[in-house]
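Participant: Handing you a structure now.
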Amino acid sequence: MKRVDDFRLRLGKQELVPIMVGGMGVDISTAELALEVARLGGIGHISDAMVPTVSDRRFNTKYVKNKLRQYKFNVANSEKAVVKFDLGLLAEATALHVGRTMEAKRGGGMIFANCMEKLTMNDPRETLRVRLKAALDAGIDGVTLAAGLHLGSFALIEDHPRFRDVKLGIIVSSLRALQLFLKKSARTNRLPDYVVIEGPLAGGHLGFGMDWAQYDLATIVAEIREWMKAEQIDIPLIPAGGIFTGTDAVAFLEHGAAAVQVATRFTVSKECGLPDDIKQHYFTANEEDIEVNGISPTGYPMRMLKSSPAIGDGIRPNCEAYGYLLDAKGNCQYIDAYNREVALHPDAKKVRVWDKTCLCTQMRNFELWTCGHYTYRLKDTSRQDASGKYELLTAEHIFQDYRFSVDHRIALPAAPPA
Ligand SMILES: Cc1cc2nc3c(=O)[nH]c(=O)nc-3n(C[C@H](O)[C@H](O)[C@H](O)COP(=O)(O)O)c2cc1C
Numbered sequence: 005m006k007r008v009d010d011f012r013l014r015l016g017k018q019e020l021v022p023i024m025v026g027g028m029g030v031d032i033s034t035a036e037l038a039l040e041v042a043r044l045g046g047i048g049h050i051s052d053a054m055v056p057t058v059s060d061r062r063f064n065t066k067y068v069k070n071k072l073r074q075y076k077f078n079v080a081n082s083e084k085a086v087v088k089f090d091l092g093l094l095a096e097a098t099a100l101h102v103g104r105t106m107e108a109k110r111g112g113g114m115i116f117a118n119c120m121e122k123l124t125m126n127d128p129r130e131t132l133r134v135r136l137k138a139a140l141d142a143g144i145d146g147v148t149l150a151a152g153l154h155l156g157s158f159a160l161i162e163d164h165p166r167f168r169d170v171k172l173g174i175i176v177s178s179l180r181a182l183q184l185f186l187k188k189s190a191r192t193n194r195l196p197d198y199v200v201i202e203g204p205l206a207g208g209h210l211g212f213g214m215d216w217a218q219y220d221l222a223t224i225v226a227e228i229r230e231w232m233k234a235e236q237i238d239i240p241l242i243p244a245g246g247i248f249t250g251t252d253a254v255a256f257l258e259h260g261a262a263a264v265q266v267a268t269r270f271t272v273s274k275e276c277g278l279p280d281d282i283k284q285h286y287f288t289a290n291e292e293d294i295e296v297n298g299i300s301p302t303g304y305p306m307r308m309l310k311s312s313p314a315i316g317d318g319i320r321p322n323c324e325a326y327g328y329l330l331d332a333k334g335n336c337q338y339i340d341a342y343n344r345e346v347a348l349h350p351d352a353k354k355v356r357v358w359d360k361t362c363l364c365t366q367m368r369n370f371e372l373w374t375c376g377h378y379t380y381r382l383k384d385t386s387r388q389d390a391s392g393k394y395e396l397l398t399a400e401h402i403f404q405d406y407r408f409s410v411d412h413r414i415a416l417p418a419a420p421p422a
């Protein structure tokens, strides 16, 4: 019976354990988690979502406080178009987050950055260019282009000296999205080094509509694999979404996948950035406690725990401090929803907003508990103590369980001494 460890992912000259831990913003896939995965020979991701606030938390910088001070005059204004990112400071924060992580890297694995196009930041093109360039400058091993079609992203960095040697990948949820990306990037004369195929059971934003349940990861992977074979294109394929055991992973690897991307099981690791008390909500969730809804102002459906405090919360938009989802014209769907509720309830001290959420603030404060479909199985991966609390796992334990387990078995942490 095969194990994940019987396979290897080859990226250029490097050979890796074919387990990639996906990016989880905002700072849920921490540097500590990515570093552990790299130490063990796999690929870890940090996320470049809201890097200034992540840097403030990690390095005690003051990016958010200073931005809020600069735009304080606009806090009560419903128009947010004036709130811009300082590109120099954005580059500086990215350099800190990525650079310090790469300096700490040990072992034979790699660390990539998950870079979401939907963070439009009131100037989509330039802010994305700066984020990508700064990550490359700071020595990131690779960049996974996520949450968007990224039709122009390769072109943004084609002049960078590392453009041809850094590993670049794209996340797609359909053959059509991959075809579009390859067509639009063809001019740069560079193929992606890997393609993550994310199915409908993943956490975070989904690349499907609300009819996500009608799609199936294995079918999409097979379709893409067949098309690539017919076109004689050879790019490592990395399925993601709902791969919960080593055996699930082996099934994909035996059918030609180069590696798998996983995330949900690591949300209850010690190294994961979610606060420990929130990890307990992930452990105790049942299937009916999880939903895919439309409250993300990105317009993409998102999976989360129904008990997330963000749902129905009506905080004032906080774009002066954050503002990552402001589009090219300085709009965000949450601002419209919030203003509508304020106009409908002029005397209310606090309004409730049910159809959209202030994603930046809620993710920053860990009040929106995005999760994968199989979060309800996390309770089978650990032990409860006498008080009913689940024991957090080390990232190493989870990684090695994926790597060596057979027969859908899940290794529990060692029992405490009697
Ligand atoms: C808590 C959480 C946050 C996530 N955030 C992101 C993100 O910021 N960007 C992204 O591309 N994918 C995100 N994802 C998706 C994962 O990177 C990964 O592709 C997917 O969840 C894998 O499926 P699994 O969770 O069933 O293992 C997130 C997943 C989870 C569970």
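Adding 4 to a residue's 1-based position in the sequence shown gives its number in my numbering. All C-beta atoms, glycine included, are put in the ideal place defined by N, C-alpha and C. Quick caveat, the model's predicted, so the values are computed rather than measured.
May I ask whether a heavy atom of ligand 2 can be found less than 7 Å away from the beta carbon of E202?
Facilitator: Ligand 2 is absent from the structure shown, which contains only ligand 1.
Participant: At which residues does the beta strand (DSSP E) containing Q18 begin and terminate?
Facilitator: Residue mapping note: residue 18 aligns to position 14 of the sequence shown, counting from 1. Per DSSP, Q18 belongs to the beta strand (DSSP E) from Q18 to L20.
Participant: If you drop the 5 nearest sequence neighbours on each side, which residues of the same chain put their C-beta closer than 8 Å to that of L179?
Facilitator: In the sequence shown, counting from the first residue as 1, residue 179 sits at position 175. So the list reads I224, E227, I228 and W231, once near-sequence residues are dropped.
Participant: What does a CB cutoff of less than 6 Å around D52 pick up in its chain, not counting 5 residues either side in sequence?
Facilitator: Taking the first residue of the sequence shown as 1, we reach residue 52 at position 48. If we look at D52 and ignore the five residues flanking it on each side, its Cβ neighbours are A117, C119 and R135.
Participant: Is it buried or exposed for G173, if we count other Cβ within 10 angstroms and need 16 for buried?
Facilitator: Along the sequence shown, read from residue 1 onward, the residue named residue 173 stands at position 169. It is buried - the Cβ of G173 has at least 16 other Cβ atoms within 10 Å.
Participant: Kindly indicate which three-state DSSP category P421 falls into: helix, strand or coil?
Facilitator: Position 417 of the sequence shown, counted from the first residue, corresponds to residue 421. Three-state DSSP puts P421 in coil, outside helix and strand.
Participant: N70: which of V87, L182, P321 and S82 sits nearest, CA to CA?
Facilitator: Against the sequence shown, residue 70 aligns to sequence position 66. Here the closest residue by C-alpha is V87.
Participant: Spatial neighbours of A108 within its chain, please: CB distance less than 8 Å, with the 5 preceding and 5 following residues excluded, ordered by chain position.
Facilitator: Looking up residue 108 in the sequence shown gives position 104. Once the five neighbours on either side are set aside, the close Cβ partners of A108 are A35 and L39.
Participant: Tell me which residue opens and which closes the beta strand (DSSP E) that M3 is part of.
Facilitator: Residue 3 lies beyond the stretch modelled for the chain, which goes from 5 to 422, so this question has no answer here.
Participant: Name the residue from G29, R387, R12 and M5 whose alpha carbon lies nearest to the alpha carbon of W373.
Facilitator: As a first step, residue 373 must be located in the sequence shown, where it is residue number 369. Among G29, R387, R12 and M5, the Cα nearest to that of W373 is on G29.
Participant: Tell me whether G298, by its Cβ, gets closer than 7 Å to a heavy atom of ligand 1.
Facilitator: To locate residue 298, count along the sequence shown from 1; it is residue 294. No, ligand 1 has no heavy atom inside 7 Å of this Cβ.
Participant: Pick from Y67, I50 and I32: whose alpha carbon is nearest that of N369?
Facilitator: Along the sequence shown, read from residue 1 onward, the residue named residue 369 stands at position 365. Looking at the Cα atoms, I32 is the closest of the given residues.
Participant: Anything with a beta carbon under 6 Å from a heavy atom of ligand 1 counts; list them all in chain order.
Facilitator: Having a Cβ closer than 6 Å to some heavy atom of ligand 1 are G26, G27, M28, G29, I32, S51, A53, N118, M120, A150, A151, I175, E202, L205, A206, G207, G208, A244, G245, G246, I247, Q265, V266, A267, T268, T271, T374, C375, G376 and Y378.
Participant: By DSSP's criteria, E107 is part of a beta bridge. Which residues make up the other side?
Facilitator: Along the sequence shown, one-based indexing puts residue 107 at 103. The partner list for E107 (beta bridge, DSSP) is empty, contrary to what the question assumes.
Participant: In the DSSP assignment, what residue or residues form a beta bridge with T374?
Facilitator: Within the sequence shown, residue 374 is the residue found at index 370, counting from 1. In DSSP, T374 forms a bridge with M308.
Participant: Thinking just about the alpha-carbon of each residue, which of A80, L195 and M367 is nearest to the one in I237?
Facilitator: The residue given as residue 237 occupies position 233 in the sequence shown. Residue L195 is the option with its Cα nearest to I237.
Participant: Counting along the chain, where does the alpha helix (DSSP H) carrying C364 start and finish?
Facilitator: Position 360 of the sequence shown, counted from the start, is the residue given in the question as residue 364. From DSSP, the alpha helix (DSSP H) with C364 extends over L363 to R368.
Participant: Identify, in the order they occur along the chain, each residue of the same chain with its Cβ nearer than 6 Å to the Cβ of A95, setting aside the five sequence neighbours on each side.
Facilitator: Position 91 of the sequence shown, counting from 1, holds the residue named residue 95. Counting only Cβ-Cβ distances below 6 Å, and skipping sequence neighbours, we find V134 and A138.
Participant: Any idea what DSSP makes of H455, helix, strand or coil?
Facilitator: This structure does not reach residue 455, given that the chain is present from 5 up to 422, and the question cannot be answered.
Participant: Alpha carbon to alpha carbon, how far is P313 from F287?
Facilitator: What you label residue 313 is simply residue 309 of the sequence shown in a count that begins at 1. What you label residue 287 is simply residue 283 of the sequence shown in a count that begins at 1. Each residue's Cα considered, the two are about 17 Å apart.
Participant: Is the segment 313 to 332 touching the segment 349 to 363 in the sense that three or more CB pairs, one from each, lie closer than 8 Å?
Facilitator: They touch, by the three-pair rule.
Participant: From the DSSP output, in three-state form, read off K274 for me.
Facilitator: For the purposes of this step, residue 274 is taken as the residue at position 270 of the sequence shown. Three-state result, K274: coil.
Participant: Are the beta-carbon atoms of G113 and R14 separated by less than 8 Å?
Facilitator: The residue given as residue 113 occupies position 109 in the sequence shown. The residue given as residue 14 occupies position 10 in the sequence shown. No, Cβ-Cβ distance for G113 and R14 is not below 8 Å.
Participant: Contact check, V266 vs L397 under 8 Å by CB: the rounded distance?
Facilitator: Indexing the sequence shown from 1 puts residue 266 at position 262. Indexing the sequence shown from 1 puts residue 397 at position 393. The pair is not a contact, with the Cβ atoms about 13 Å apart (cut-off 8 Å).
Participant: So is P56 buried or exposed if we call it buried at 16+ other beta carbons inside 10 Å?
Facilitator: Your numbering for residue 56 matches position 52 in the sequence shown. Under this definition P56 is a buried residue.
Participant: Here's the rule I'm using: 16 or more other beta-carbon atoms within 10 Å means buried, otherwise exposed. How should Q388 be labelled?
Facilitator: Along the sequence shown, one-based indexing puts residue 388 at 384. Its Cβ having fewer than 16 others within 10 Å, Q388 is exposed.
Participant: Please list the terminal residues of the continuous beta strand (DSSP E) segment that includes V58.
Facilitator: Translated into positions along the sequence shown, residue 58 becomes position 54. Segment V55 to F63 is the alpha helix (DSSP H) holding V58; no beta strand (DSSP E) there.
Participant: Quick one: Cα of E19 to Cα of E83, how far?
Facilitator: Numbered from its first residue, the sequence shown carries residue 19 at position 15. Numbered from its first residue, the sequence shown carries residue 83 at position 79. Cα to Cα, E19 sits roughly 50 Å from E83.
Participant: So, at 7 Å on beta carbons, what are the nonlocal neighbours of L1 in its own chain, with the 5 sequence-adjacent residues on each side left out?
Facilitator: With the chain covering only 5 through 422, there is no way to say anything about residue 1.
Participant: Please report how far the alpha carbon of L100 lies from the alpha carbon of A142, in whole angstroms.
Facilitator: One-based indexing of the sequence shown puts residue 100 at position 96. One-based indexing of the sequence shown puts residue 142 at position 138. Using only the alpha carbons, I get a separation of about 8 Å.
Participant: When the Cα atoms are used, what is the spatial distance from N297 to R307?
Facilitator: Residue numbering aside, residue 297 sits at position 293 when the sequence shown is read from its first letter. Residue numbering aside, residue 307 sits at position 303 when the sequence shown is read from its first letter. Roughly 6 Å between the two C-alpha positions.
Participant: Return helix, strand or coil for K2, following the three-state DSSP convention.
Facilitator: It is not possible to answer for residue 2, since the shown part of the chain is limited to 5 through 422.
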